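Enquirer:
Residue numbers (our numbering): 95 to 346.
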């Protein structure tokens with residue numbers, strides 16, 4: 095069984111969970127990628143796919159790829175300061191193993207964890223527009239729907255938090271963003287073809303843990319400290335520890 099996630103205002107995609115390599119849904123982002131391909135032809139310069147297995151119990155959602163980070167390497171949070179802090183923290187809490195060397199081929203592996211972004215393409219000045227965020231929410235919703243054992247989501251920043259809440263078809267006013275906030279989001283259980291279950295209908299709950307984004311700006315200004323960041327993942331780890339280990343009943 096999968097969880098039906100409603101993404102209002104999203105455009106359909108041909109691949110479901112990830113945009114096409116040459117996705118043109120958002121003209122401004124497509125033009126920015128095209129310019130980057132001309133300037134840096136050896137970079138990835140495409141929508142960055144989710145990193146990690148769909149069987150993961152934890153999903154980390156960021157804002158968007160950084161120009162010289164994930165847009166260059168092709169892996170979320172890889173190659174910039176935000177990734178240094180995120181992957182170190184994931185390793186500390188046993189959500190990642192191996193050496194993080196800021197390269198997509200460094201051999202780092204996630205452990206029951208996946209990482210994605212609310213917006214899959216690098217935006218100019220790291221600022222996607224509301225329309226671009228809405229357009230890309232279809233991919234976030236499809237990713238969440240495809241994770242049958244998902245128990246917790248860590249949202250990095252307000253945009254990621256609000257995009258997750260909206261992906262569930264819920265009102266932002268009922269689930270406000272704050273660093274260290276925790277919310278329980280309900281997802282309607284449906285069959286793989288998205289038709290309602292004929293019996294034993296039961297809503298599942300996924301806990302949303304939110305943090306300020308782990309950007310260099312936030313850490314340099316003291317908005318976010320490593321200790322504050324670690325505390326969010328500590329709560330997520332504690333939550334997973336008390337959940338039933340791997341909901342196999344959700345897998346056909």
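Glycine included, C-beta positions come from ideal geometry on N, C-alpha and C. Note that the structure is a prediction, hence the values are computed from the model and not measured.
Give me whichever residues DSSP pairs with residue 277 in a beta bridge.
Expert: One-based indexing of the chain shown puts residue 277 at position 183. Residue 277 pairs with 302.
Enquirer: Could you give the distance in angstroms between the alpha-carbon of residue 269 and the alpha-carbon of residue 277?
Expert: Along the chain shown, one-based indexing puts residue 269 at 175. Along the chain shown, one-based indexing puts residue 277 at 183. The alpha-carbon atoms of residue 269 and residue 277 are separated by roughly 7 Å.
Enquirer: Evaluate the contact criterion for the region 203–220 versus the region 153–165: three or more CB pairs, one atom per stretch, below 8 Å.
Expert: The region 203–220 vs the region 153–165: in contact.
Enquirer: Could you check if residue 199 is buried or exposed, using at least 16 other CB atoms within 10 Å of its CB as the buried criterion?
Expert: Here residue 199 is taken as the residue at index 105 of the chain shown, counted from 1. When all chains shown are included, residue 199 counts as exposed.
Enquirer: Which of the three DSSP states is assigned to residue 207 in this structure?
Expert: Mapped onto the chain shown, residue 207 falls at position 113. In this structure, residue 207 counts as strand in the three-state DSSP scheme.
Enquirer: Hey, quick one: how far does the alpha helix (DSSP H) through residue 258 stretch, first residue to last?
Expert: By one-based count along the chain shown, residue 258 stands at place 164. 252–261 is the span of the alpha helix (DSSP H), which, as asked, contains residue 258.
Enquirer: How about the region 240–249 and the region 298–314: do they share at least three Cβ pairs that are nearer than 8 Å?
Expert: Enough Cβ pairs lie closer than 8 Å, so yes.
Enquirer: Spatial neighbours of residue 40 within its chain, please: CB distance less than 6 Å, with the 5 preceding and 5 following residues excluded, ordered by chain position.
Expert: Nothing can be reported for residue 40, as the shown portion of the chain is limited to 95 through 346.
Enquirer: Thinking C-beta only, is residue 337 closer than 8 Å to residue 245?
Expert: As a position in the chain shown, residue 245 is number 151, starting the count at 1. As a position in the chain shown, residue 337 is number 243, starting the count at 1. Yes, they are a contact pair.
Enquirer: Express the C-alpha separation of residue 235 and residue 174 in angstroms, rounding to a whole number.
Expert: Indexing the chain shown from 1 puts residue 174 at position 80. Indexing the chain shown from 1 puts residue 235 at position 141. The straight-line gap from Cα to Cα measures roughly 26 Å.
Enquirer: Which first and last residues belong to the alpha helix (DSSP H) in which residue 177 is found?
Expert: Here residue 177 is taken as the residue at index 83 of the chain shown, counted from 1. Residue 177 -> alpha helix (DSSP H) spans 175–186.
Enquirer: I think residue 366 touches residue 123, with their Cβ atoms under 8 Å apart; what is that distance to the nearest whole Å?
Expert: For residue 366 there is no data in the structure shown, the boundaries of the chain being 95 and 346.
Enquirer: If you draw a straight line from the C-alpha of residue 240 to the C-alpha of residue 141, how long is it?
Expert: Position 146 of the chain shown, counted from the first residue, corresponds to residue 240. Position 47 of the chain shown, counted from the first residue, corresponds to residue 141. Using only the alpha carbons, I get a separation of about 19 Å.
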